[in-house]
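The structure is reproduced here in structure tokens:
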């Protein structure tokens, strides 16, 4: 009988908090195997492991604008009373901002050498349904290495990690925040209007494009190209560049990513309008799939350190649900 079968037949399982997990012996063995492979692969690439506090001040996330309104509604928050006043605190909803804070707190953070960090730790996000509220994230953050070099390094590391876990039929989906922003810039909206429009396009798709196109017909073709066409290879990028010549830099960064994956024999698709759940991506974003199942996400978030009061530094990273990887990885490989 598996851990989950034993659990489902035991009334005591109902005493566990909704959305939280016990990890039984069998699942824990798989967890440790994947964790070990992850730490070995990242250490071999020069990444050093850190761990950040479970409890963080809410303003760490709100001051940087790092959480979408949807995710902000899902944080576990409470008041930490100190004397007559209290500070709003949260259970860590994501690992990237705490890693940025840690990087900026170092005395040698401005020396110019890239900093490579890895972590394995849980994050907590409220879910009103039956979804998980505790997620074990394993991920890396790379500070001080700009695009496209940093993007290429992360894509290569992600591919090596997934291959080391025995995950086959790998495919990467690539996007770039700069492409959609370039299209929105042609609408003539001010900065605040562009941010609002970007959210609408990501969430509303064709309906939002139709509304924006009515206000700015000259931007319609570029917006529709980004939303409707999914392709692969540099030929598709040529088409995008013809429609959006002002997006030369994002397209150059996407070309570097495509060449990296194709050189390794890994399939990749381009979906330039694909957006993440965070507001902070500024460059390349990517998702990795194995056999059609999403298993890893990442992207570039230049400017995040500066947003929390630190020094400007290029930054990027990726993360995966460790328990999800453990379930997908073949037992022999994991």
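Residue numbers (the numbering used here): 5 to 338.
Think of the CB as a built atom: it goes at the ideal place given N, C-alpha and C, for glycine as much as any other residue.
Let's test the definition: count the other Cβ atoms within 10 Å of the Cβ of residue i and tell me whether it reaches 16, buried, or not, exposed.
i           : result
residue 63  : exposed
residue 156 : buried
residue 85  : exposed
residue 294 : buried
residue 21  : exposed
residue 308 : buried
residue 97  : buried
residue 133 : exposed
Residue i to residue j, Cα distance in whole Å?
i           : j           : result
residue 76  : residue 200 : 17 Å
residue 119 : residue 15  : 48 Å
residue 183 : residue 95  : 34 Å
residue 129 : residue 54  : 21 Å
residue 144 : residue 210 : 34 Å
residue 1   : residue 52  : The structure shown has nothing for residue 1, since the chain only spans 5 to 338.
residue 262 : residue 78  : 34 Å
residue 23  : residue 268 : 38 Å
residue 284 : residue 197 : 17 Å
residue 136 : residue 325 : 11 Å
residue 212 : residue 193 : 15 Å
Does the distance from the CB of residue i to the CB of residue j come in under 8 Å?
i           : j           : result
residue 142 : residue 331 : no
residue 140 : residue 152 : no
residue 117 : residue 148 : yes
residue 254 : residue 186 : yes
residue 190 : residue 220 : yes
residue 333 : residue 171 : yes
residue 165 : residue 45  : yes
Just confirm the distance between the C-beta atoms of residue i and residue j, as a whole number of angstroms; I'd bet it's less than 8 Å.
i           : j           : result
residue 273 : residue 175 : 7 Å
residue 287 : residue 257 : 6 Å
residue 161 : residue 49  : 5 Å
residue 311 : residue 68  : 4 Å
residue 179 : residue 275 : 5 Å
Counting only C-beta atoms, is residue i closer than 8 Å to chain D at any point?
i          : result
residue 75 : Of the chains in the structure shown, none is chain D; there is only one protein chain.
*What residue ranges within the segment 100-136 form continuous beta strand (DSSP E) runs of no fewer than 3 residues, ordered along the chain?*
Within the segment 100-136, the complete beta strand (DSSP E) segments at least 3 residues long are 119-128, listed from N- to C-terminus.
*Of all the alpha helix (DSSP H) runs that stay within the bounds of the segment 309-338, which reach a length of 4 or more residues?*
Fully enclosed alpha helix (DSSP H) runs of 4 or longer: 326-332.
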